[in-house]
Structure formats: C-alpha cells, structure tokens
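Asker:
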Amino acid sequence: MNLNGLLCAVLTVYWLVVLARALMSWFPIRPGTPVASIYVLLRDLTEPVLAPLRRVIPPVGMLDMSAFVLIIGVAILRSVVCS
Numbered sequence: 004m005n006l007n008g009l010l011c012a013v014l015t016v017y018w019l020v021v022l023a024r025a026l027m028s029w030f031p032i033r034p035g036t037p038v039a040s041i042y043v044l045l046r047d048l049t050e051p052v053l054a055p056l057r058r059v060i061p062p063v064g065m066l067d068m069s070a071f072v073l074i075i076g077v078a079i080l081r082s083v084v085c086s
C-alpha cells in the first residue's frame with residue numbers, strides 16, 4: 004500500500020468516526036454503558052478538530068453545525084486524495 008492509499012484509508016475511517024459521533028450525539032447515552040465508552044472514544048478522536056471549528060461556526064438553534072462541516076470537509080479532502 005502506498006502513501007496515497009494509506010492517507011485515503013485514514014480519511015475514510017476518520018469520516019466514519021465523525022459521522023458516528025454526530026449520529027450518537029442525537030441520542031441519550033447513559034454513563035457506564037458500553038455505548039458510553041464508545042462515545043468517549045469517538046469524542047476523544049474528533050474533539051481536537053471540532054473544538055476550533057465550533058469557535059468559528061456558530062450553532063444553528065440547538066444544532067451544532069461543526070460536525071457537519073467537518074464531515075463535508077473530510078469528504079471533499081478524501082475525494083481529492085483518493086481520486
């Protein structure tokens with residue numbers, strides 16, 4: 004696997020991680036459950052990128068648009084790298 008293929012795979016996995024976190028944020032998660040552990044892992048992987056985006060992108064009502072912007076950004080970057 005070359006560097007381009009590796010980067011493409013990493014971007015694909017990160018896109019899925021951000022998408023999973025965005026979807027999980029819509030549902031209540033009880034602390035101490037296996038789902039809560041997964042959510043904490045997803046949060047730890049995405050928060051370093053989402054936190055700066057949140058400072059720039061204001062929420063729309065109760066909806067945090069930063070995750071959607073990141074999903075679209077990673078998808079665009081992936082389409083450039085993987086083409």
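43 is the number that my numbering gives to position 40 of the sequence shown; each next residue is one higher, with no gaps. Glycine residues also receive a C-beta, built at the ideal position from the N, C-alpha and C atoms.
(1) Tell me the rounded alpha-carbon separation between Val72 and Val38.
(2) How would you call Arg58, buried or exposed, if buried means at least 16 neighbouring beta carbons within 10 angstroms?
(3) Going by DSSP, what residue range makes up the alpha helix (DSSP H) through Asn7?
(4) For Leu26, which of Gly64, Met68, Leu14, Thr36 has the nearest alpha-carbon?
(5) In whole angstroms, give me the CA-to-CA distance for Thr36 and Leu66.
(6) At what residue ranges does the stretch 53-85 contain a whole run of the alpha helix (DSSP H), taking only runs of 4 or more?
(7) Where Ile79 and Val43 are concerned, what is the direct C-alpha to C-alpha distance, given to the nearest angstrom?
(8) So what's Thr49 in DSSP terms, helix, strand or just coil?
Answerer: In short:
(1) 25 Å
(2) exposed
(3) 6-27
(4) Met68
(5) 25 Å
(6) 69-85
(7) 26 Å
(8) helix
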